[in-house]
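Visitor: Have a look at this one.
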Amino acid sequence: MKHAWKITGVLMAGALTLGSQTGKDWQSVFSVDKKTLGVKGSNPYFILTPGYQLSYKHGNDTIIDTVLNETKVVDGVEARVVEDRETKNGQLIELTRDYYAIDSATNDVYYMGEDVDVYKNGKVVGHGGAWLSGVNGARFGLMMPAAPKPGQKFYQEQAPGVGMDRAEIVSGQERVVTPAGVFEKCIHVHETSPLEKGAGEHKWYAAGVGPVKDAEMLLVKYGTK
Numbered sequence: 698m699k700h701a702w703k704i705t706g707v708l709m710a711g712a713l714t715l716g717s718q719t720g721k722d723w724q725s726v727f728s729v730d731k732k733t734l735g736v737k738g739s740n741p742y743f744i745l746t747p748g749y750q751l752s753y754k755h756g757n758d759t760i761i762d763t764v765l766n767e768t769k770v771v772d773g774v775e776a777r778v779v780e781d782r783e784t785k786n787g788q789l790i791e792l793t794r795d796y797y798a799i800d801s802a803t804n805d806v807y808y809m810g811e812d813v814d815v816y817k818n819g820k821v822v823g824h825g826g827a828w829l830s831g832v833n834g835a836r837f838g839l840m841m842p843a844a845p846k847p848g849q850k851f852y853q854e855q856a857p858g859v860g861m862d863r864a865e866i867v868s869g870q871e872r873v874v875t876p877a878g879v880f881e882k883c884i885h886v887h888e889t890s891p892l893e894k895g896a897g898e899h900k901w902y903a904a905g906v907g908p909v910k911d912a913e914m915l916l917v918k919y920g921t922k
């Protein structure tokens, strides 16, 4: 699930090269028929079953991701809604509704956009980072392939000036220890953005679970509510 600390910044002219992945390029065009995108399918690394929940913690920071029994039509595609609640010292600081669609032909998961509420002292003070595919030039990206392979490089977000996160599959054989358990053969993903050179995040995904570590945030609990 896309978390609140995703990389954002000011758009740098010429930073994004469109087209299929070749050499150092990042895949930004995806050969997928919108007719096969929706809420049917299953990706072992990105579970979108309603009621599924993942909880993370690092110090006084917590994240709770919940797959809701709700959908939203984004760019003509029915997408699953995932609620992302971020708290610090027990106070809600951001509430995000992420929208994901599965390609029923491949089980790849695509990121269709997000609505964001930023909180301060219990009140909404902004919506930074919000975007929707098909609005203001934004296009959906690939969130997680069903069969990720080291070396794959692709855009997850394609919202110019708002969110341009991209992912590289680094490895598929890593061991991650968390309070929720020890996970073997994890997919290691390195996320960067042309909007913020030099910045990046490392994430790890376990088959049958989903994200188990996001930078310093560790999975502490998971399962269906």
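When the count follows my numbering, it moves up by one through the sequence shown with no breaks and lands on 922 for the last residue.
Ideal placement from N, C-alpha and C gives every residue a C-beta, glycine not left out.
Predicted model only: the values in this text are computed from it and were never measured.
Can you list, in chain order, the residues of its chain whose CB lies under 8 Å from that of residue 736, leaving out five sequence neighbours each side?
Guide: Around residue 736: 745, 768, 775, 776, 777, 798, 799.
Visitor: Can you look up residue 820 in the DSSP assignment and give me helix, strand or coil?
Guide: DSSP places residue 820 in strand when its eight states are reduced to three.
Visitor: Strictly by DSSP, which residues pair up with residue 783?
Guide: In the DSSP output, where bridge partners are listed per residue, residue 783 has 760, 791.
Visitor: Between the C-alpha atoms of residue 841 and residue 805, what's the straight-line distance to the nearest angstrom?
Guide: Approximately 6 Å between the Cα atoms of the pair.
Visitor: If you run the structure through DSSP and keep just helix, strand and coil, what is residue 746?
Guide: The answer is coil: DSSP assigns residue 746 none of H, G, I, E or B.
Visitor: Relative to the alpha-carbon of residue 874, which residue among 845, 851, 900 has its alpha-carbon at the smallest distance?
Guide: For residue 874, the nearest C-alpha among the options comes from 900.
Visitor: Between which two residues does the beta strand (DSSP E) holding residue 921 run?
Guide: Note, residue 921: beta strand (DSSP E), 914–921.
Visitor: Since residue 903 sits in a beta bridge, which residues does DSSP pair it with?
Guide: Its beta-bridge partners are 907.
Visitor: Between residue 870 and chain D, is there a C-beta pair that is closer than 8 Å?
Guide: Here chain D cannot be found, since the structure has a single protein chain.
Visitor: Under a three-way DSSP split, which group does residue 731 fall into?
Guide: Looking at residue 731 - three-state DSSP - the assignment turns out to be helix.
Visitor: List the DSSP bridge partners of residue 811.
Guide: According to DSSP, residue 811 bridges with 795, 828.
Visitor: If you draw a straight line from the alpha carbon of residue 864 to that of residue 854, how long is it in whole angstroms?
Guide: Distance between the alpha carbons of residue 864 and residue 854: 10 Å.
Visitor: Can you tell which of 892, 803, 811, 909 has the C-alpha that lies nearest to the C-alpha of residue 877?
Guide: Answer by Cα proximity: 909.
Visitor: If you draw a straight line from the C-alpha of residue 773 to the C-alpha of residue 796, how long is it?
Guide: One C-alpha to the other measures close to 12 Å.
Visitor: Distance check for residue 860 and residue 713, CA to CA, integer angstroms please.
Guide: Note that residue 713 scores a pLDDT of 33, beneath 50, so its modelled location is shaky; the value from the coordinates is reported in the next line. One C-alpha to the other measures close to 12 Å.
Visitor: Tell me the DSSP secondary structure of residue 720 in three-state form.
Guide: In this prediction, residue 720 has a pLDDT of 36, which is less than 50 and means its spatial position is unreliable; what the coordinates show is noted afterwards. Correct three-state label for residue 720: coil.
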